[in-house]
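Asks: So that we are looking at the same thing, I have put the structure below in structure tokens.
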Amino acid sequence: MEALRRRSCHPQLLLLPPPPPPPPPPPPLAAGAAPQLRLLYSPSKVDSSVLGSLGSKSTPPSFSFSSSASSSQTLFGAPGAAAALSFSGSKSEDARPADENGDEESEEPPRPEIREVKEDDAFYSKKCKLFYKKDSEFKEKGVGTLHLKQTDDGKTQMIIRADTNLGNILLNIMVQSSMPCSRVGKNNVMVVCVPNPAVDDKNPSSPVPLLIRVKTAEDADELHKTLEEKKG
1 MEALRRRSCH
11 PQLLLLPPPP
21 PPPPPPPPLA
31 AGAAPQLRLL
41 YSPSKVDSSV
51 LGSLGSKSTP
61 PSFSFSSSAS
71 SSQTLFGAPG
81 AAAALSFSGS
91 KSEDARPADE
101 NGDEESEEPP
111 RPEIREVKED
121 DAFYSKKCKL
131 FYKKDSEFKE
141 KGVGTLHLKQ
151 TDDGKTQMII
161 RADTNLGNIL
171 LNIMVQSSMP
181 CSRVGKNNVM
191 VVCVPNPAVD
201 DKNPSSPVPL
211 LIRVKTAEDA
221 DELHKTLEEK
231 KG
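So this is what it looks like as structure tokens:
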């Protein structure tokens with residue numbers, strides 16, 4: 001009994017198996033080759049505490065991704081939320097300008113302001129269109145205003161100025177007693193005279209039929225009557 005008691009008091013030594021040998025070293029790299037990483041896994045070197053902690057968790061770890069940046073630091077290290085990116089199909093710079101009433105500006109070019117050159121001493125003035133006859137047809141000379149003026153010697157002067165800022169002279173003649181004057185068409189009066197300025201450079205002194213067209217038939221009757229009365 002004494003011998004058995006002494007034997008039980010001594011701890012029993014347990015013989016553990018020797019550890020596995022270390023893995024062989026990697027082969028030397030060739031000249032110019034990039035180094036490669038190798039992950040070595042040895043089941044005998046896994047800590048039992050790690051295995052125990054994994055075994056005690058019944059729920060696997062979860063991973064979540066959020067579209068909003070909740071971190072206090074952005075990608076470039078500056079604190080604050082990440083800047084939002086927005087894309088729009090229209091640009092405010094390309095918007096057409098509008099006036100104060102909200103209407104878009106008209107694309108029609110502004111019309112030039114024409115100031116009529118007046119003949120203050122004219123006793124008769126009328127808007128008209130002047131034609132001259134060439135090669136058996138009448139060609140347009142221009143649009144202007146016909147003025148009848150009394151000269152110092154008692155004769156009547158006919159001036160037609162163009163409706164331009166310069167008031168170019170389309171016709172400047174003296175109303176002669178021998179000048180043919182007739183009423184033609186709906187609203188035309190025809191006279192035959194030597195025009196000034198000339199309409200034919202080859203024959204500047206030749207008489208040319210001129211057609212004066214006014215707005216209405218009443219205007220044509222009045223012009224024809226006035227010319228007949230003022231013939232010198």
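Using our numbering, read the sequence shown as starting at 1 and increasing by one per residue. Even for Gly, the Cβ is constructed at its ideal location relative to N, Cα and C. Every value quoted in this text rests on a predicted model; they were computed, and no experiment measured them.
Taking only the alpha-carbon atoms, compute the straight-line gap between residue 132 and residue 217 and give it to the nearest angstrom.
Replies: Spanning the two alpha carbons is a distance of roughly 20 Å.
Asks: Determine the burial state of residue 75: buried for a count of at least 16 other Cβ atoms within 10 Å of its Cβ, exposed for fewer.
Replies: The predicted position of residue 75 is uncertain, since its pLDDT is 44 and thus under 50; a value taken from the coordinates is nonetheless stated next. Under this definition residue 75 is an exposed residue.
Asks: Closer than 6 Å by C-beta to residue 121: which residues in its own chain qualify, once you throw out the five before and the five after it? Chain order, please.
Replies: Hits under 6 Å: 149.
Asks: Have a look at the DSSP bridge pairing and note the partners of residue 217.
Replies: Its beta-bridge partners do not exist; DSSP assigns none.
Asks: If I follow the unbroken beta strand (DSSP E) through residue 137, where does it start and stop?
Replies: Taken as a continuous stretch (DSSP letters only), the beta strand (DSSP E) holding residue 137 covers 137-150.
Asks: Out of curiosity, what's the CA-to-CA distance linking residue 220 and residue 153?
Replies: Cα to Cα, residue 220 sits roughly 27 Å from residue 153.
Asks: Are three or more beta carbon pairs between the region 180-189 and the region 155-163 nearer than 8 Å?
Replies: Counting Cβ pairs under 8 Å, fewer than three are found: no touch.
Asks: Residue 135 to residue 142, Cα distance in whole Å?
Replies: If you take the alpha carbons of residue 135 and residue 142, they lie about 18 Å apart.
Asks: Would you mind working out which of 125, 225, 110 sits nearest residue 190, comparing C-alpha positions?
Replies: Checked all of 125, 225, 110; the closest Cα to residue 190 is 225.
Asks: With burial defined as no fewer than 16 other Cβ atoms inside 10 Å of the residue's Cβ, what is the status of residue 211: buried or exposed?
Replies: Buried, since its Cβ has 16 or more Cβ neighbours within 10 Å.
Asks: Going by the CB atoms, is the gap between residue 174 and residue 155 shorter than 7 Å?
Replies: For residue 155 and residue 174, yes; Cβs fall inside 7 Å.
Asks: Grab me the residues of residue 137's own chain with a C-beta within less than 8 Å of its C-beta, minus the 5 sequence neighbours each way, in chain order.
Replies: Once the five neighbours on either side are set aside, residue 137 has no close Cβ partner at all.
Asks: Select from 110, 227, 192, 125 the residue whose C-alpha is nearest the C-alpha of residue 215.
Replies: Of the candidates 110, 227, 192, 125, the one whose C-alpha sits nearest the C-alpha of residue 215 is 125.
Asks: Between which two residues does the beta strand (DSSP E) carrying residue 191 extend?
Replies: First-last of the beta strand (DSSP E) with residue 191: 188-193.
Asks: Contact defined as beta carbons within less than 8 Å: I believe residue 193 pairs with residue 204. What is the distance between those atoms, to the nearest angstrom?
Replies: With 8 Å as the limit, residue 193 and residue 204 do not qualify as a contact, their Cβ atoms being about 13 Å apart.
Asks: What does the alpha-carbon distance come out to for the pair residue 198 and residue 172?
Replies: Approximately 10 Å between the Cα atoms of the pair.
Asks: On a Cα-Cα basis, can you pick out the residue from 202, 195, 188, 196 that is closest to residue 222?
Replies: Out of 202, 195, 188, 196, 188 has the C-alpha closest to the C-alpha of residue 222.
Asks: Who does residue 199 pair with in a DSSP beta bridge?
Replies: DSSP output for residue 199 lists no bridge partner at all.
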